[in-house]
Structure formats: C-alpha cells, structure tokens
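In order, the protein sequence lines correspond to chains A and B. According to full-length UniProt numbering, the first sequence is numbered sequentially starting from 1. According to full-length UniProt numbering, the second sequence is numbered sequentially starting from 1. In this text, a Cβ means the ideal position worked out from N, Cα and C, and glycines have one as well. Owing to the predicted nature of the structure, the values given are computational and were not obtained by experimental measurement.
Protein chains: 2
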Amino acid sequence: MSLTIDKLATPSVLIDIDRVRANLRRAQDYADTHGLRLRPHIKTHKVPALARLQVELGACGITCQKLSEAEVMADAGLSDIFISYNIVGADKLSRLTALARRITLSVAADSAYTVSGYIDAARAADVTLTVLVECDTGAGRCGVATADAALDLARRLEGASHARFGGLMTYPKAGGTEQTAAWIAGALDLFARAGMAVPVVSSGGTPDMWRAHLVPGVTEYRPGTYIYMDRSQVAAGAATLDECALTVQATVVSRPSETRAVLDAGTKTLTSDLLGLDGFGHVLSCPSARVDALSEEHGVIQADAEVLPALGERVRIVPNHACVVSNMFDRVYFVSGDTVLDAVPVAARGCVT
Amino acid sequence: MSLTIDKLATPSVLIDIDRVRANLRRAQDYADTHGLRLRPHIKTHKVPALARLQVELGACGITCQKLSEAEVMADAGLSDIFISYNIVGADKLSRLTALARRITLSVAADSAYTVSGYIDAARAADVTLTVLVECDTGAGRCGVATADAALDLARRLEGASHARFGGLMTYPKAGGTEQTAAWIAGALDLFARAGMAVPVVSSGGTPDMWRAHLVPGVTEYRPGTYIYMDRSQVAAGAATLDECALTVQATVVSRPSETRAVLDAGTKTLTSDLLGLDGFGHVLSCPSARVDALSEEHGVIQADAEVLPALGERVRIVPNHACVVSNMFDRVYFVSGDTVLDAVPVAARGCVT
C-alpha cells in the first residue's frame, strides 16, 4: 500500500521527482545544444542523490558554495567539485587541501590575499589547487572589478609551484546578460593579448540561464534553482508554475476571520525571502490568496471568503525561493503525483562552514 | 588550555552565558516583583539545558510553539509545557495525547474545530487535556476575535469529560499594551458574569515584557527573545546592545572595493528577517557598517574605507532576530568573554511539525 502526501505531517517539503527529471533534462539539452558544460549548484537541493542524478544526465561536475557542502558531496561519491567561494583561514585551507587529495577540486578567489592562502596551503600539503578567478561583472557582490586585476591573480597562480589558473568565473547580475558579455569579452581579449590561456569561463544563475549562450566565451554554466524552480523564477520568466518541483504542504490551523486563514508554515518553512515579490509564496489551490505575513510558525493568508481554504484543509505552496526552503528541513519527500516515493535526508543542510 | 572563539570555524553562533544568566535573572526578578509567573518560550534557544536553567531560576514551566519541540523538551526532562498552537490532524492529536500522559501539558485552541479535535482525541486516549483559549487582542494572527467566542469555547471544554478550560492566552500586538489590557478586562468581566473561572491569563512577547504588569488580570508571561535579546529588541527599547547574548561570528572573505566587504554570513546564518529595521544586523566592531544585502552565504557590508574590517578579519554581529538564527544552526557555542565553554546541540532546531 503506497503512502500518499495527505498522510505526511505538515509542514512538509514535497519534491516532484518527475518535474525534477524534466527540469534537469531541459537544461542539459539546452547546454548540449549550445556547447556549454553544466556544473549545477547543489545549494538548491543539498541532496547527494540529486547531485548524482545531475551528473548522470550529463553535468560535468557540481558546484558547492561551502567547503562543508563539498565534503558531504565528496563523501557521497561526487568526484568533480567546484567551490565558488573564497576559502579563508588556516583550518579551512587545510580542509581544502585534504579534499583536493580525494577528488577533482577547483575553488574561487577574488584577491591576492585568498590566492596567497591557497598557494601556501597547497605547497604545505603538496597538492596542486586549481583556482578560478571570480569577476564582478555587475552583481556587486564578490569578484575582482577589472580584467587587469583578474590577469594579475591568474599570473600569481601560474607562477606558483602548487597552483593552476583554472579560468574565470562570475555570478552575473540578474538580467545583466549584455553587461556580462561585455565584461567577459574585454577580459578574454586582455588575456589573449597577454598570452594567458583561459581554460574555463564559468557563469551562473537560473533567471538568465536560457540566455547563457548569448555571452560569447562562456564554456560552463552553474544553475542552481533550475532543478526545482520557484515563484521567483516564474516571475523572472525562467519557468512556469507547472515546472515548479518543490512545494510546501501546509495545513490551515486557524480561520480567525472570513478572509484570513493561518497556515502552519511560517518563516521556519518558507523563510522571509521576498526577492522583490509581493507575499511569501503562491498557494496552488487558491491562487488569489496573498501570503501576507509570516511569523516563525504562522503563515497568514488573505483571500475572499468563498475561496479561502477551510480549517484543517491542506494546501501546497510554491515558495518564493526554493533553495532556502531546502535549508530549513532535515528531510524532504520525493513524490510522483500524490504518491510518496521516499523520505530523503537533506544531507548538506546547514553546512555553513 | 582553553579554546577561544577565534579558533572556531565561521560563521558560528556564540552564546554569552553570563549575559544569558543576567537576562534570565532580570526577567525573573521583574516577574516576581509583579506577581507574574514566567513561562518562557523556548523557540528562541531550542536548547534543553537553557530551558532547564529557566526553570531553575524560577520559571513555572516552558512554552513551545510546536508539538515536536515539546517532545524534544519532554525527552530532556522538562515536565510542564504549554504548546501555544492549534494542534490539528489525527496523527498530531495522538502524539499530543501521548505527550499528555508523560508530562503536565496544556495547549491552545481558537476554534470549535480545534477544541472538538482535542476533546475527541483526549476521550479516545483516556487522558484529560488542559486547553487555553487563544484570543486576538490586536495582533491579527490567530485567536478568537471576541470575548463571547472565547466564552463559548471555554464552555465546550468545561462540558467535555476529558478536557479542562485552562484559561486565556494571547500573543499581543507589539506596542499594544493598552489595547490588550482593554480586551482582557472585557473578557474577564464577561467570564465573571458567566460564573466561569479563568485559571490562567497568559500573555507574551519580549518587546513589551517590562510593561506586562500594566495589563490587569495577566497571571503568566511567555517571553522568548528575552534570553538572548537582539537588534530588534534594542530598537524596541527592551534591551541594550550590552545585553545581547547571541552574536554571529563571521569572517571577511572579500573586499571588492574600498567601501564594501563581504562576510561569510548570509541568509543561511542571519536569515532575511528585517523586522522593520534597516539592514540585516549590527556589526559590533564597526557600528557604522550597513549590513546591506544578503544572499545565502554572502553578507555585503558597506562602510567608510577607514573603518571597514580587513580581509580575513573576524567580526561579531548582533542579528535582527535571534530566534531565527538559532534555527539555522545545528550547534551553538556557549562562551564567557572570549573563552569557549561548550559546543551545544540546538536539539529542537528544525522542529516544524
């Protein structure tokens, strides 16, 4: 007798595995068509089985944001990992070089400080670290500001005995495809004139992934959210609601007024991420409902009395941001339709170090 | 040789145990002075040892928002727990009655639907459930809207063989002390005229806790954040920065511009909770810094070049909201000054069901 989703305690996170497969295939087909390698960012799911599925379907490896995520994934058999983050500090650097002994590892840097740390740690551990230089092509987060600065770091890496310049990487500004293209073109021109090969040019971000081929020179793409999609990606035009594979199942626990219902899903489930949207999620069975206000365990929704779900009724919510929801739960449920296939630990949840 | 905080991997959550004790004592003294019982909400810390400390210092018991939190706390020896939430659904109701056999348990309800569920489940399990009626005194979340509705639920409970009316509870609107007082006064008057005793009147919320005695009739108070305090409580005037016991230790991993630094603490550490504040936290060593933009693993801070922390430097951040930070971490570190005393599992982290 199979378990159905209505038997799960709420709130619970449901992963529609058919949609997951379709989302992964669509992205891999797109990448193959345009000669791009995919290196999915596992931050969205944090589940080794899904990382393996991404690789099985054609990904060249995976991306992790944190060393501890990479350690979990390496323990689960993933063998080619890029850590898209500056790893800083002696303890983390020795974990990094230990990991570099076990798998094909690459890592990001955006400063001489980080590069020096890598070079010294690699020499001390007698391993060779492959380092991609992070470039700020417009997002204003990390990354060197100029191609000259990128070239300087590349030269430092190539000049070191235990390091290798792995290429350029960027997390571009959402909607900034043209700006990214101009930055990358300028950098590739500078590197060519300097006689410095750029083995990989890696970009990322789901909102603009279907425009990845419009940035000449990009060889690799690191989408994260594309596996689940979410309300923010629907708003950005990168997906439809029918492609959203992660939903939160919640129960109406209070109906204090005609037009107000309270769900057992608050910020401990959906988080406070708005990502510029109105409300904290989309209630599939009541699309006109506004997920109005969250506290930790309460989600207040407002709608007209005749459509508002009843006390005890279950609803499914497409969250604004799937990645952060994954991080709130120790396990998610793989489902096909309304059938529960498996309860799966979110093995890399909470990996912040 | 003792471990100091600079040896901990970042980001890490530090709990200044001296401040914790002082915060708990101050609140208990206040409660004792005004003849109030304290029933702290453990959502803020989710740590059994701290719940026990609260009881040792005089709390009459604890409050949990979720059944699974209460189960963790009962397993850890806490013996008097109020669950301030509507428990809905057959599976949860049978967990609730199982818990009621083990400890002194009370639970909230704001509808005939929830009350019926309790009465039926208690009869089936042959236990007696003590139920407090939740009242919306202005916060607009859960709770009956009128004293008449509260009286109706109280009568249903008193008329049932396996239930008991435990009193009234509210989570008042922040800053709404007068409104709460008026609501409670009206309800107590109605109940008195109806000849219905109200054993407990329970209110909560740290922002207004030092005004709890200004609401006549309140017998019990359920503060949560008071144990740690945070930036939102400082803004509300309920605490000073020097009373904030929870800080996030983070490292500067990038300095992409003169006035921008990037910390290894993003929404997976601080969460997106703004609570009406500007920025996502207060950097103790750089009070003028604006914690400007968070992504999952990056915290961008902006400040004048001469005060901005350097690459590799560690900072401590008072978060906007301490409770949600606790929920992001598998363990926190108890510290005294810069000395690490213990690594403590956040045992009730992620308890959403």
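### Task
Along the beta strand (DSSP E) that carries A250(B), what are the first and last residues, could you check?
L246 to S257
### Message
Beta-carbon within less than 6 Å of V144(B)'s beta-carbon, same chain only, minus the 5 sequence neighbours each way: which residues are those?
### Response
D110, C135 and A150
### Message
Let's see if you can read the secondary structure: which residues bound the alpha helix (DSSP H) around G186(A)?
### Response
From DSSP, the alpha helix (DSSP H) with G186(A) extends over T177 to R193.
### Query
Under a Cβ-count criterion, where at least 16 other Cβ atoms within 10 Å of its own Cβ denotes burial, should P216(B) be classed as buried or exposed?
exposed
### Task
Taking only beta-carbon positions, decide if D136(B) is within less than 8 Å of chain A.
Under the Cβ distance rule, D136(B) counts among the residues neighbouring chain A, one pair being separated by less than 8 Å.
### Task
State the DSSP-derived secondary structure class of S68(A), mapped to helix, strand or coil.
helix
### Beta-carbon proximity check, N320(A) vs D230(A), cutoff 8 Å
Going by beta carbons, N320(A) and D230(A) fall inside the 8 Å limit.
### Query
So what does DSSP say about M209(A), is it helix, strand or coil?
helix
### S111(A) in three-state terms, based on DSSP
coil
### Cβ contact check for the stretch 300 to 309 of chain B and the stretch 281 to 291 of chain B: 3 or more pairs under 8 Å
yes
### Query
Does the count of Cβ pairs from the stretch 9 to 27 of chain B and the stretch 341 to 353 of chain A closer than 8 Å reach three?
yes
#### Entry: Validate contact between the stretch 218 to 228 of chain B and the stretch 74 to 84 of chain A using beta carbons, cut 8 Å, 3 pairs
no
### Task
Could you check how far apart the C-beta atoms of V72(B) and S106(B) are, in whole angstroms? I think they sit under 8 Å.
In fact, because the Cβ distance is near 17 Å, the residues do not count as touching under 8 Å.
### Query
If the cut is a Cβ gap below 9 Å, which residues of chain A does V344(B) touch?
By Cβ distance, chain A contributes nothing, its closest Cβ being about 15 Å from V344(B), past 9 Å.
### Query
chain B partners of L311(A), CB-CB under 7 Å?
S111 and Y113
### Task
Would you be able to state if there are at least three C-beta pairs under 8 Å between the stretch 271 to 287 of chain B and the stretch 47 to 67 of chain B?
no
#### Entry: Neighbourhood of R26(B) by C-beta, 6 Å cutoff - its chain only, sequence neighbours within 5 removed
none
### Message
My parser needs the alpha helix (DSSP H) runs of 4 or more residues fully inside the stretch 77 to 104 of chain A; what are they?
### Response
90 to 102
### Query
Going along the stretch 259 to 273 of chain A in order, which residues come within less than 7 Å of chain B, judged by CB to CB distance?
V262, T267, K268, T269, T271, S272 and D273
### Query
What residues match up with D16(B) in a beta bridge as DSSP calls it?
V335(B)
### Task
In the DSSP assignment, find the beta strand (DSSP E) that holds L168(B) and state where it starts and stops.
A163 to M169
### Query
How many Å lie between L96(A) and A245(B) at the Cα?
32 Å
### Message
Given this structure, state the Cα-to-Cα distance separating Y113(A) from D91(A), to the nearest angstrom.
### Response
16 Å
### Query
For a contact meaning CB atoms closer than 8 Å, what does V55(B) contact in chain A?
Per Cβ cutoff of 8 Å: no residues; V55(B) is ~22 Å from chain A at best.
### Task
Run down chain A in chain order and give the residues with a C-beta less than 7 Å from the C-beta of C323(B).
Contact of C323(B) with chain A by beta-carbon distance below 7 Å involves E296.
### Message
Quick check on the DSSP output: the beta strand (DSSP E) that includes L157(B) runs from which residue to which?
### Response
No beta strand (DSSP E) contains L157(B), which is instead part of the alpha helix (DSSP H) from A147 to E158.
### Query
Helix, strand or coil for G117(B) per DSSP?
helix
### Query
Between S79(A) and I103(A), is the Cβ-Cβ spacing less than 8 Å?
yes
### Member of L284(A), Q249(A), A265(A) and S272(A) whose CA lies at the smallest distance from the CA of Y333(A)
Q249(A)
### Query
Distance, Cα to Cα, C142(A) vs P172(A)?
10 Å
### Task
Give the residues of chain A in contact with Y333(B), contact being defined as C-beta atoms less than 8 Å apart.
Under the 8 Å cutoff, chain A gives no residues; its nearest Cβ is about 12 Å from Y333(B).
### Task
State the CB to CB distance for the pair V262(B) and G299(B), rounded to an integer number of angstroms; the pair is presumed to be in contact (CB under 8 Å).
7 Å
### Query
Would you call L270(B) buried or exposed, if buried means 16 or more other Cβ atoms sit within 10 Å of its Cβ?
It counts as buried.
### Query
chain B beta carbons: is any one of them nearer than 8 Å to that of C142(A)?
For C142(A), a Cβ of chain B is located within less than 8 Å of the residue's own Cβ.
### Task
Within its chain, find whatever has a CB closer than 8 Å to the CB of G138(A); leave out the 5 residues flanking it on each side and keep chain order.
P172, K173, G176, Q179, T180 and W183
### Query
Is it the case that the Cβ atoms of H41(A) and P223(A) are separated by a distance below 8 Å?
yes
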